[in-house]
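Asks:
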Amino acid sequence: MKILTVTTSYPRRVDDMAGRFIESACLALAARGHAITVLCPHETGLPLSETRGGITVRRFRYAPDALEKVAYGNGIPDNLRNSWRAWLALPSFLLALRGAVKNECAAHDVIHAHWAPCGLAAAQGKTPLAVSLRGSDLADNFVYRKILQSACRRADAVICVSAEIREKILAAGYAKEALAIPNGIDLPDAPTDKDELKKQLGIPENCFCVLAVGRLAAVKNYATLLRGFSLLRKDCVDPRLIILGEGCEREKLKRLAAELGLGNSVIFAGEVPFEKVKSYLGATDVFAISSLREGRSNALLEAIAAGLPVVASDADGVGAIVRAAGCGELFPVGDAQACGKALQKIVDDEKLRSEYAANSRRYAQAELFSWEKHAELLEQALDGISSKRHSCENRNPA
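Below, the structure written as structure tokens:
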């Protein structure tokens, strides 16, 4: 099949975390013999078209360089909250997205749009359309709910990244039918020596390492994690908190870390290539996630696949995954005291830590699957709507 993937987020370079899961899905589909074209927003300094890993990437321009501020960075919601330039460029962004889809759709067998706004923009012409939905698509916002409703009604297939999101989509009446196809994950390689990885990454050998992965945006709520981490007793452990990711909150979070007296115990490592993320996972003692809202977090699933115990906010899909896996401690969203207590409990109880780690590995083996398996299920869904649409057209010629 010739598949047009429409998204507002796609990696701009090898160390870019933006839309990495979409790239992984596209690469897995391409490996199954499909021709993939990705349509995504342009950003200053990026080529309008390029081929990476056998995937054609086409970027649509929507404003002069100074105003191309809608996508990437901290994500569209945060960009709109923080930048008047993003608001100014939003109408042209939406028009350019719709125009770019119109120019591309006839040359493809099927369109796969990520997030409801892309689904609505892609609902044009005769090309079959599947829209993939995530936790962020369930935003409690009147305008967004209308966008979600319209996208679902115009799509030939609605795909949700978790059973929980599927149930909410159906219960709210957005769609009559929906599939649940979870994201794949990059399954870990053979176990590696934790001390050796710490040495390679410059992490003190005897420290207790807490890892968090994700863009430095308000929705990730790293302030709660920093405050909770600051409550760890220093008499029995040398703790380190390593945060992988970039974003507009970086300086604000660095100031907070200084105010909390955390000094060198917090490392803002920035964006790193995924191979290095895997090294950090192998060198880590516990994975932490403190988001205000989160669907089926790939960062969390990768940590579970790496066999890590987890401390997490009880947010949406995150809480459901941690409970199902039995792999860690949950704390109420935004509760720094409870976060600190959960971290301390993991630090103090080596037996519990080992039990949670074993549960992570068990859950990964039983419930998680690779990007290759994800691509197989996605292929079936896309081929189904393509065949159904073409069959209807053959029976009802114009």
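If you count the sequence shown from 1, position 176 lands on 176 in the working numbering, and the numbers rise without skipping.
By construction, the Cβ of each residue, glycine as well, lies at the ideal position given by its N, Cα and C atoms.
Values in this document were obtained by computation on a predicted structure and should not be read as measured data.
Measuring only from the beta carbon, is ILE385 closer than 7 Å to any heavy atom that is part of the ligand FAD?
Replies: For the structure depicted, the ligand FAD is absent and the ligand set is empty, with no information on it obtainable.
Asks: Taking one C-beta from the region 310 to 327 and one from the region 244 to 262 each time, how about it: are there three or more such pairs within less than 8 Å?
Replies: no
Asks: Output the boundary residues of the alpha helix (DSSP H) element that contains LYS146.
Replies: Looking up residue 146 in the sequence shown gives position 146. Start and end: 142 to 154.
Asks: To which residues does DSSP link ALA123 through a beta bridge?
Replies: Position 123 of the sequence shown, counting from 1, holds the residue named residue 123. Per the DSSP secondary-structure output, ALA123 pairs with nothing in a beta bridge.
Asks: Output the residue ranges of the beta strand (DSSP E) runs that lie fully inside the region 174 to 243 and measure 3 residues or longer, sorted by chain position.
Replies: 208 to 213
Asks: Does CYS26 come out as helix, strand or coil in the three-state DSSP assignment?
Replies: One-based indexing of the sequence shown puts residue 26 at position 26. Helix.
Asks: Pick from VAL143, ALA223, ALA175, VAL266: whose alpha carbon is nearest that of PRO204?
Replies: Along the sequence shown, read from residue 1 onward, the residue named residue 204 stands at position 204. Distance check between PRO204 and each of VAL143, ALA223, ALA175, VAL266 places VAL266 closest, using alpha-carbon atoms only.
Asks: Looking only at its own chain, which residues have a Cβ that is under 7 Å from the Cβ of ARG32, when we skip the five neighbours before and after it?
Replies: On the sequence shown, residue 32 is found 32 positions in, with the first residue counted as 1. The answer, listed in chain order, is ALA375, GLU379.
Asks: Assign ARG395 to buried or exposed, taking buried as 16 or more other Cβ atoms, counted over all protein chains shown, within 10 Å of its Cβ.
Replies: Sequence index remark: in the sequence shown, residue 395 carries index 395 (1-based). Confidence is the limiting factor: at ARG395 the pLDDT is only 48, short of 50, which leaves the residue's position unreliable and the question unanswerable from this model.
Asks: In terms of alpha-carbon separation, which member of ASP335, ALA212, LEU39 lies closest to ALA283?
Replies: One-based indexing of the sequence shown puts residue 283 at position 283. That would be ALA212, whose Cα lies nearest to the Cα of ALA283.
Asks: For ASP238, count neighbouring Cβ atoms within 10 angstroms of its own Cβ and tell me buried if that reaches 16, exposed if not.
Replies: Taking the sequence shown and counting its residues from 1, the one referred to as residue 238 is at position 238. So ASP238 counts as exposed.
Asks: CA-CA distance, SER92 and ALA63?
Replies: Taking the first residue of the sequence shown as position 1, residue 92 is located at position 92. Taking the first residue of the sequence shown as position 1, residue 63 is located at position 63. Looking at the two C-alpha atoms, the distance is approximately 7 Å.
Asks: Quick check: the region 157 to 167 against the region 176 to 183, are at least 3 beta-carbon pairs closer than 8 Å?
Replies: yes
Asks: Pull up the distance between the alpha-carbon of ASP195 and that of VAL286, whole angstroms please.
Replies: Looking up residue 195 in the sequence shown gives position 195. Looking up residue 286 in the sequence shown gives position 286. In a straight line, the C-alpha of ASP195 is about 15 Å away from that of VAL286.
Asks: From GLY73, THR56, PHE369, ALA66, pick the residue whose C-alpha is nearest to that of GLY19; which is it?
Replies: Counting from 1 along the sequence shown, the entry for residue 19 is found at position 19. That would be GLY73, whose Cα lies nearest to the Cα of GLY19.
Asks: Helix, strand or coil for PHE369? Go by DSSP, reduced to three states.
Replies: Position 369 of the sequence shown holds residue 369. Note: PHE369 maps to coil in three-state DSSP.
Asks: Please state if the CB of ALA25 and the CB of TRP371 are separated by a distance shorter than 8 Å.
Replies: Against the sequence shown, residue 371 aligns to sequence position 371. Against the sequence shown, residue 25 aligns to sequence position 25. Contact flag set, yes.
Asks: What does the alpha-carbon distance come out to for the pair GLU104 and ARG98?
Replies: Reading the sequence shown from its first residue, position 104 is the one you call residue 104. Reading the sequence shown from its first residue, position 98 is the one you call residue 98. Distance between the alpha carbons of GLU104 and ARG98 is about 10 Å.
Asks: Is VAL70 helix, strand or coil when you go by DSSP?
Replies: Counting from one through the sequence shown, the residue named residue 70 turns up at place 70. Reduced to three states, the DSSP call for VAL70 is coil.
Asks: How far does the beta strand (DSSP E) with GLY270 in it reach, from first residue to last?
Replies: In the sequence shown, counting from the first residue as 1, residue 270 sits at position 270. GLY270 -> beta strand (DSSP E) spans 266 to 270.
Asks: DSSP has ILE111 in a bridge; who is on the other side?
Replies: Counted from its first residue, the sequence shown places residue 111 at position 111. In the DSSP output, where bridge partners are listed per residue, ILE111 has LEU4, LEU129.
Asks: So CYS160 is in the beta strand (DSSP E); what residue range does that whole segment cover?
Replies: Within the sequence shown, the letter at position 160 stands for residue 160. Boundaries of the beta strand (DSSP E) harbouring CYS160: 157 to 160, taken from the DSSP string.
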